[in-house]
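J.: Got a structure for you, questions after.
Numbering (the working numbering), first residue to last: 1 to 583.
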């Protein structure tokens, strides 16, 4: 049982020892500062009485959160910034569920708390039917965005709508996650849908403005017909795989249909004259403006941070290129790491047709077609290349002392699972296209179906992946920062465990349970990773992959001989690259 806290509001002259006696059991590290917050929350005599009515429940709910002191800081900010403190207190008195919900938010996530403090009306929105109980959908997000944009004309006002929609939807997704109303898989899917919808919305806004100034980019088809040159935003990394994080940069590549051609004045363009641009100039300008629209920090925040380093030539390359230019680049200069990265490439905004053309072109590079079947020696060469990339990553995080704290890049982390999955897909994806899946867990399931891994290993790796992604989310939702490193203090690790949902007789026990689970999952991941990348000669996974490739080669040769005889032409493997992968 907790002490009755109402004397803090109705009695006068309580000394410091009494304040500590009352508030200490609620898990507050600084009871005197907590009392200061409570007095500030109380306000005038009428609202002080209202707060006294809900204070016992409020403090009991706060005590169960990761950071009770911070929760009271946020409550104080909400009340002092509210236009009508009395109405809010009466509402919370009538709605214990919302009181508990706000305590959960305020004590577990600064970024979600600040969204509510910035716009207190979102408190009432969260209480609406289906906002939290029903998973957000892509179609619902599109409809909400269109409704919010309404008939706005000014570009900056439209972009501010995108920023507000992001803040609201991130609040919904984050709260559903904290309350365990959504699985980690559902959460990453919702975050990816939100990013795709907002990136497409920003593209439409920027493209419309640019066309008004310079006309519509066009090029000629082989028959001489002039057509509009379309543009696509390719999502890479976790966005392309539909597995986005809370505070992830969005990895993007900008692609357009043809560099041949120029802008032309459209029928609906009312300007007397336009400044004509080549397609290359137009799309480079579009890419620059779209990146700014997404990443620029304004009074409403930003839409998403953008990372364009996966484009051709990285930081020194053009922002946008044609499909043909990308095909030439990959054929002449493409690296093994780019083959891995392109496994997750998928159109997220703009033209689906150009997006599909890019994906099909990229598959030809990823699953390089040649007449030689996969051999153990060739597989080992790819494995060595990937291992060297991972070792460079290891060296960088070792300098920061994060090799055992970084859940993404560290020992037994998310990247080890991803590298393992992507390497197998690169090795055998052309011969066995059914194993291809942009989602990491989906690919593991397909590996099991084809007996590359057994069911137990698939289950353990899947559980490890979702556990590590959940930890990553809880680290990032705290301050909306792109962090992957676990804290090193006992107190912060306790808070992380509580955000993860660990409940025990004490905070120390919750921390120990969390760390034990993390150790178990990372050990599973690292053992599997090392068996392929450091002991490939005894790797059952590699043996299964090479055997599958050899079986495919024998079947292809047998079919060819039946159709054309032993002296017939080699099989046309380019058709494999044209097969569409399941999204």
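Ideal Cβ positions, reconstructed from N, Cα and C, are used throughout, including at glycine.
Please list, in chain order, all residues of the same chain as residue 440 whose beta carbon is under 8 Å from its beta carbon, the five residues on each side excluded.
T.: Hits under 8 Å: 241, 243, 417, 418, 421, 465.
J.: Thinking residue 325 and residue 345 are a contact (beta carbons under 8 Å), I'd like their distance in whole angstroms, please.
T.: At roughly 16 Å, the Cβ-Cβ gap does not stay under 8 Å, so residue 325 and residue 345 are not in contact.
J.: Under three-state DSSP, which class holds residue 254?
T.: In the structure shown, residue 254 sits in a strand (DSSP, three-state: E or B).
J.: Evaluate contact between the region 113 to 124 and the region 62 to 82, counting only Cβ atoms and requiring at least three cross-stretch pairs below 8 Å.
T.: Contact between the region 113 to 124 and the region 62 to 82 is present, because at least three Cβ pairs lie under 8 Å.
J.: Helix, strand or coil for residue 220? Go by DSSP, reduced to three states.
T.: Strand.
J.: Give the C-beta separation of residue 508 and residue 519 to the nearest angstrom, bearing in mind that I take them to be a contact with Cβ-Cβ under 8 Å.
T.: So it is not a contact: roughly 16 Å between Cβ atoms.
J.: Could you check what DSSP says for residue 452 in three-state terms: helix, strand or coil?
T.: DSSP places residue 452 in coil when its eight states are reduced to three.
J.: I need the straight-line Cα distance from residue 234 to residue 42, nearest angstrom please.
T.: Taking the straight line from one Cα to the other gives about 51 Å.
J.: Ignoring anything shorter than 3 residues, give me the beta strand (DSSP E) runs that lie fully in the region 159 to 195, in order along the chain.
T.: Within the region 159 to 195, no complete beta strand (DSSP E) run reaches 3 residues.
J.: Once you ignore the five residues that flank residue 529 on each side, which residues in its own chain have a CB closer than 6 Å to its CB?
T.: So the qualifying residues of the chain are 416, 420.
J.: Excluding the 5 residues preceding and the 5 following residue 443 in the sequence, name in chain order all residues of the same chain whose CB lies nearer than 7 Å to its CB.
T.: Result list for residue 443: 421, 425, 435, 437, in chain order.
J.: Roughly how many angstroms lie between the CA atoms of residue 288 and residue 319, to the nearest whole one?
T.: Rounded to the nearest angstrom, the two C-alpha atoms are 7 Å apart.
J.: Who pairs with residue 231 in a beta bridge, going by DSSP?
T.: In the DSSP output, where bridge partners are listed per residue, residue 231 has 256.
J.: Under the DSSP definition of a beta bridge, which residues are partnered with residue 262?
T.: Answer is 218, 278, bridged to residue 262.
J.: With a threshold of 7 Å between beta-carbons, can residue 316 be considered close to chain B, or not?
T.: Judged by its chain identifiers, the structure shown contains no chain B, having just a single protein chain.
J.: For residue 4, does the count of other Cβ atoms within 10 angstroms reach 16, so buried, or fall short, so exposed?
T.: Under this definition residue 4 is an exposed residue.
J.: Need the endpoints of the beta strand (DSSP E) that residue 11 sits in, please.
T.: Taken as a continuous stretch (DSSP letters only), residue 11 belongs to no beta strand (DSSP E), as it is neither H nor E.
J.: Check the DSSP bridge columns for residue 321 and list the partner residues they point to.
T.: Note: residue 321 sits in a beta bridge opposite 255.
J.: What is the residue span of the beta strand (DSSP E) that residue 407 lies within?
T.: Looking at the DSSP string, residue 407 is not in any beta strand (DSSP E), and its letter there is neither H nor E.
J.: Let's test the definition: count the other Cβ atoms within 10 Å of the Cβ of residue 11 and tell me whether it reaches 16, buried, or not, exposed.
T.: By the 10 Å Cβ count, residue 11 comes out exposed.
J.: My output table needs one value for residue 141: the three-state DSSP class, helix, strand or coil.
T.: Residue 141: helix per DSSP, three-state reduction.
J.: Consult DSSP for residue 517 and reduce its assignment to one of helix, strand or coil.
T.: Helix at residue 517.
J.: Can you pull the DSSP bridge partners for residue 301?
T.: Per DSSP, 298.
J.: Note down the Cα distance separating residue 13 from residue 137, rounded to an integer number of angstroms.
T.: Each residue's Cα considered, the two are about 54 Å apart.
J.: Using 10 angstroms around the beta-carbon of residue 315, count the other beta-carbons present and answer buried if the total reaches 16, otherwise exposed.
T.: Answer is exposed; the Cβ neighbour count stays below 16.
J.: Determine whether the beta carbon atoms of residue 357 and residue 323 lie at a separation below 7 Å.
T.: Against a cut-off of 7 Å, the Cβ pair of residue 323 and residue 357 comes out as a contact.
J.: Rounded to whole angstroms, what's the CA-CA distance from residue 293 to residue 284? Just pull it up for me.
T.: Rounded to the nearest angstrom, the two C-alpha atoms are 14 Å apart.
J.: Does DSSP put residue 485 in a helix, in a strand, or in coil?
T.: It is a strand residue.
J.: Given this structure, state the Cα-to-Cα distance separating residue 308 from residue 295, to the nearest angstrom.
T.: Each residue's alpha carbon lies about 12 Å from the other.
J.: Locate the alpha helix (DSSP H) running through residue 31, then write down its first and last residues.
T.: Here the alpha helix (DSSP H) through residue 31 covers 31 to 42.
J.: Can you round the beta-carbon distance between residue 72 and residue 34 to whole angstroms, since I take them to be within the 8 Å contact cut?
T.: Contact flag correct, Cβ pair sits at about 5 Å.
J.: Applying the criterion that 16 or more other CB atoms from any shown protein chain within 10 Å of the CB defines a buried residue, is residue 384 buried or exposed?
T.: Exposed, since its Cβ has fewer than 16 Cβ neighbours within 10 Å.
J.: At a cut of 8 Å, does the region 170 to 188 reach the region 197 to 204 through at least three beta carbon pairs?
T.: No, the region 170 to 188 does not touch the region 197 to 204.
J.: Tell me where the alpha helix (DSSP H) around residue 81 begins and ends.
T.: Per DSSP, residue 81 belongs to the alpha helix (DSSP H) from 68 to 81.
J.: Going along the chain, which residues of its own chain have a beta-carbon closer than 6 Å to the beta-carbon of residue 159, five neighbours each way excluded?
T.: Around residue 159: 293.
J.: Starting from residue 596 and walking both ways along the beta strand (DSSP E), at which residues does that stretch end?
T.: Shown here, the chain extends from 1 to 583; a query on residue 596 therefore has no answer.
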